[in-house]
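For the sequence shown, the working numbering begins at 0 and goes up steadily by one.
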Amino acid sequence: MRPHVSFRRVCIAACLLLVLAGCITMQYGTPPRVERLSTLTPGVAGPADVLQTLGEPRGKGAARVRASLAPRDVWFYEYVQSDGKAVDLKILLVFFLDNRYDGYMWFASEEAITKQGSMEPVK
């Protein structure tokens, strides 16, 4: 014979899970070490140098920034943290040309739109 579970208990348990889920901080990835980018010399540093300096990327691929430029190999570093109210996102793209470090693009969600038409820092 199966134990009897009331609908009320299931609803209470579901509500508690939803409340607790809103209190949990979710984290994905590792913050990119952007302070170390200045140690990499474009055209000189190779993939091993970038790996030693920045660590293992979350992904690798290729990109063509402009049709007139040769495609670049790209390493992708990503970090996401959310507390249920706000999301902190950091993305670092590292570019290689002919197997040499060619530069980077850095994105961070350090600012958020808090009022219509204005940008204020997230606190």
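A virtual CB, placed ideally from N, CA and C, is assigned to each residue, including glycine. These numbers come from a predicted model, not from an experiment.
Exposure of residue i, with buried meaning 16 or more beta-carbon neighbours within 10 Å
i: V73; result: buried
i: Y152; result: Since the first residue of the chain shown is 0 and the last is 122, residue 152 is not available in this structure.
i: K89; result: buried
i: P70; result: exposed
i: Y123; result: No answer is possible for residue 123: the residues shown for the chain start at 0 and end at 122.
i: P56; result: buried
i: L50; result: exposed
i: F94; result: buried
i: P31; result: buried
For residue i, the three-state DSSP class (helix, strand or coil)
i: R7; result: helix
Own chain partners of residue i with C-beta closer than 6 Å, once the 5 adjacent residues on each side are dropped
i: A44; result: Y100
i: R63; result: P70
i: L53; result: R32
i: Q26; result: Q80
Close beta carbons around residue i, own chain, < 7 Å, minus the five adjacent residues each side
i: L92; result: V73, F75, Y103 and M104
i: L36; result: Y103
Cutoff 8 Å; reference residue i; Cβ partners in own chain excluding five residues on either side
i: V86; result: V79, Q80 and S108
i: A61; result: P70, R71, D72 and V73
**OP:** Scan the stretch 24–53 and note each continuous beta strand (DSSP E) run of 3 residues or more that stays entirely inside, going in chain order.
**Re:** 25–28
**OP:** Run through the stretch 44–102 for me and flag every whole beta strand (DSSP E) of 3 or more residues, listed as ranges in chain order.
**Re:** 58–62, 71–81 and 86–96
Subject >> Three CB pairs or more closer than 8 Å across the stretch 53–72 and the stretch 80–87 >> reply: no
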